[in-house]
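S.K.: Structure provided below as structure tokens; questions to follow.
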Amino acid sequence: MKTTYREAMKNINSRVAAVLVVSAAIVGLSTQAMAWGPERPTTSGETGADYVTFNSITDNKKVGDERNFVRIREAGTGEYINDMKVQPGKQYEVMTYYHNNAKTSLNASGAGIAKDVSVRTKMPSVVKASEKGTISSVISSSNANPKEVWDEAYVTTDTDVALKYISGSATITSNGPVNGQVLPDSLFSTGTLIGYDSLNGVLPGCAQYSGFVIYKFRVDAPNFTVSKQVSPTGQKQWQENYAAKPGERVDYKVIYTNTGTTAQNDVNIKDTLPKGMVYMPGSTKVYNTANPSGRGVSDNIVSSGINIGNYAAGGNAVITYSATVAAANELNCNANTLTNKVSAITSGGAKDDTATVTVNVSCAASECKPGVPTGDARCGACTPTEGQVVDANGNCVVASGSLPTTGPAETILTIIGVGALTAGFAYWYRSRKNLKKALAGVDLEHEAAAHDAPKLLKARTDSHVEDDKKDF
1 MKTTYREAMK
11 NINSRVAAVL
21 VVSAAIVGLS
31 TQAMAWGPER
41 PTTSGETGAD
51 YVTFNSITDN
61 KKVGDERNFV
71 RIREAGTGEY
81 INDMKVQPGK
91 QYEVMTYYHN
101 NAKTSLNASG
111 AGIAKDVSVR
121 TKMPSVVKAS
131 EKGTISSVIS
141 SSNANPKEVW
151 DEAYVTTDTD
161 VALKYISGSA
171 TITSNGPVNG
181 QVLPDSLFST
191 GTLIGYDSLN
201 GVLPGCAQYS
211 GFVIYKFRVD
221 APNFTVSKQV
231 SPTGQKQWQE
241 NYAAKPGERV
251 DYKVIYTNTG
261 TTAQNDVNIK
271 DTLPKGMVYM
281 PGSTKVYNTA
291 NPSGRGVSDN
301 IVSSGINIGN
311 YAAGGNAVIT
321 YSATVAAANE
331 LNCNANTLTN
341 KVSAITSGGA
351 KDDTATVTVN
361 VSCAASECKP
371 GVPTGDARCG
381 ACTPTEGQVV
391 DANGNCVVAS
401 GSLPTTGPAE
411 TILTIIGVGA
421 LTAGFAYWYR
431 SRKNLKKALA
441 GVDLEHEAAA
451 HDAPKLLKAR
461 TDSHVEDDKK
471 DF
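Have a look at this one:
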């Protein structure tokens, strides 16, 4: 006697029926809204198919259109649906329904038995608040037509989340001996064989041999907070903004808290000090559950940052260190706002916070800096010229012990000046001498000849000698 698909559905035992009940709400849902494939001939539960094909019945009394075979629900509660809004901290189940639609009558000859039947599934690791995550499954068989069929379901969220498969949760639900067996992790990569008598990939036709692959995942939301405060040193009067004095020492406190649903490893804390604040070496300490009394760490918090370790959901750490405000002559007149920023860097992103120290420096009404009058060139940025240096107050001053400029141009001018001075003096001296002689009645021309006579004596003749004696 032949058994129709409708009769076979009635005979499905409680194992599969329990899953089918929570899927009933999908019956009648428009297939046009489903992302399944490929397009393929369909059949009814009344007749079945004349060949091996998977999930092609459109009027299954329990699951409705079998082409829509991937669905999701919150773990242990509610109905399996196609679109699920997930929440951090909760667990969810993904169901993949499989059914060889070949007629029961084809099993005896082997024509209705599917071979190498496997299921593989895919799930996103991260779903952002602005996106829709796709969860899909593929059912394949070497002698089916088509060889592969696939379907999708979707998850959305109000915040960025991570989806984590719960290891060992993938099982098969079947009317056969394989019921309850755990499926390997290859389900999420190359796929895993399923079956009825064993997980050997052999699956006869008819609803009696249908079943489900179900696995669970957890929704994690990596999140954390970081805050920063400042206090006069040793007072623990923590605040966002502290009014300090020049040269005063202050303490900073940074609090990191893992507010997400998953652990955060290798948390890095980095602080950036502003100009006018000087870090005190050796002052950084980390307080956490492993170090309730505090542990001294490196000074890298103000450079590359420090790794404060791993923190489970709800875990936290406190980091403290000290710094000193600059001296008055290194600050500007009136209010100085010194804001430094701390960054907490994790695998889930980075966040910042700030604390501010304000310092008031009193200057005379006419001073732009202590001891520097308004309008003085030292009020602005100083660019030293040759022979100058920048002092501790940022002012340009003559370098102590510097030599005067003695370049080529200066040397030439010096020579010219000295020559002119010498010539002038000679002219003055000679003029005074000539004046004296003129007043005394001495012929200046003869004076000149007499002056040169010794030089010309040997070159002259005897007559010349006589003439010269007369003229002289």
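Numbering (the UniProt record's numbering), first residue to last: 1 to 472.
For each residue, glycine too, the CB sits at the ideal point set by N, CA and C.
(1) If you run the structure through DSSP and keep just helix, strand and coil, what is PRO246?
(2) Considering only the alpha carbon of each residue, which of ALA355, ALA326, TYR252 and ALA335 lies closest to GLN235?
(3) Taking the straight line between their C-alpha atoms, what separation do you get for ARG218 and SER125?
(4) Let me know the beta strand (DSSP E) ranges lying completely inside the segment 164-231, each 3 residues or longer, listed in chain order.
(5) Reducing DSSP to helix, strand and coil, say where ALA330 ends up.
(6) Identify whether ASP116 lies in helix, strand or coil by the three-state DSSP scheme.
(7) If you follow the beta strand (DSSP E) that THR134 is part of, which residue opens it and which one closes it?
(8) At what residues does the beta strand (DSSP E) containing VAL357 begin and finish?
(9) Identify every residue that forms a DSSP beta bridge with THR257.
(10) Can you tell which of VAL325, GLY89, SER140 and MET277 has the C-alpha that lies nearest to the C-alpha of THR53?
(11) For ASN223, which residues from the same chain have a beta carbon less than 6 Å from its beta carbon, with the 5 sequence-adjacent residues on both sides left out?
(12) If you draw a straight line from the C-alpha of ALA313 to the C-alpha of ALA102, how long is it?
(13) Quick one, which of ASN200, PRO274 and VAL318 has its alpha-carbon nearest ALA290's?
(14) At least one CB of chain D closer than 8 Å to the CB of THR233: is that the case?
(15) Do the CB positions of LYS164 and SER142 come within less than 8 Å of each other?
(16) Kindly indicate which three-state DSSP category ARG40 falls into: helix, strand or coil?
(17) Using the DSSP secondary-structure output, state which residues sit across from residue 479 in a beta bridge.
(18) Classify ALA377 as helix, strand or coil using the three-state DSSP reduction.
(19) Within this structure, are the beta carbons of ASP299 and GLY282 separated by less than 8 Å?
(20) If you compare alpha carbons, which of LYS61, ALA35, GLU66 and LYS62 is closest to THR42?
(21) Apart from the five residues just before and just after TRP238, which ones in its own chain have a Cβ nearer than 8 Å to its Cβ?
(22) Assuming GLY247 contacts ALA327 (C-beta within less than 8 Å), just tell me the rounded distance between them.
(23) Tell me where the beta strand (DSSP E) around PRO292 begins and ends.
(24) Short of 7 Å in beta carbon distance, which residues of its chain neighbour VAL182, apart from the five on each side in sequence? Order them along the chain.
(25) Whose CA, out of GLU148, THR159 and MET123, lies closest to the CA of ILE166?
(26) Roughly how many angstroms lie between the CA atoms of THR134 and PHE69, to the nearest whole one?
(27) Go ahead and label ASN60 buried or exposed: buried means 16 or more other beta carbons lie within 10 angstroms of its beta carbon, across all protein chains shown.
(28) Considering VAL398, what are the terminal residues of the beta strand (DSSP E) in which it resides?
(29) Taking only the alpha-carbon atoms, compute the straight-line gap between GLU148 and ILE345 and give it to the nearest angstrom.
M.R.: The structure says:
(1) Residue state, collapsed to three classes: coil.
(2) Closest option to GLN235, Cα to Cα, is TYR252.
(3) Take the alpha-carbon of ARG218 and the one of SER125: they are about 11 Å apart.
(4) You should have 171-174 and 211-220.
(5) Before going on, a small fix: residue 330 reads as Glu here, not Ala. Residue state, collapsed to three classes: helix.
(6) ASP116: coil per DSSP, three-state reduction.
(7) Per DSSP, THR134 belongs to the beta strand (DSSP E) from 133-140.
(8) Annotation for VAL357: the continuous beta strand (DSSP E) segment containing it runs 349-361.
(9) Answer is THR225 and ASN316.
(10) Checking every option, the nearest Cα to that of THR53 belongs to SER140.
(11) Counting only Cβ-Cβ distances below 6 Å, and skipping sequence neighbours, we find THR259 and GLY260.
(12) Distance between the alpha carbons of ALA313 and ALA102 is about 51 Å.
(13) Here the closest residue by C-alpha is VAL318.
(14) In the structure shown, chain D does not exist; there is a single protein chain.
(15) No. Outside cutoff.
(16) Three-state DSSP puts ARG40 in coil, outside helix and strand.
(17) Residue 479 lies beyond the stretch modelled for the chain, which goes from 1 to 472, so this question has no answer here.
(18) It is helical.
(19) Their beta carbons are under 8 Å apart, which means ASP299 touches GLY282 by this criterion.
(20) Taking only the C-alpha atoms, the option nearest THR42 is GLU66.
(21) Taken in chain order, the residues that qualify are GLN229, VAL230, SER231 and LYS253.
(22) Confirmed, about 5 Å.
(23) PRO292 -> beta strand (DSSP E) spans 291-296.
(24) Within the same chain, VAL182 has close Cβ partners GLY168, ALA170 and THR171.
(25) Selected option, being the one with the closest Cα: MET123.
(26) Approximately 14 Å between the Cα atoms of the pair.
(27) By the 10 Å Cβ count, ASN60 comes out buried.
(28) First-last of the beta strand (DSSP E) with VAL398: 396-398.
(29) Their backbone Cα atoms lie some 44 Å apart in a straight line.
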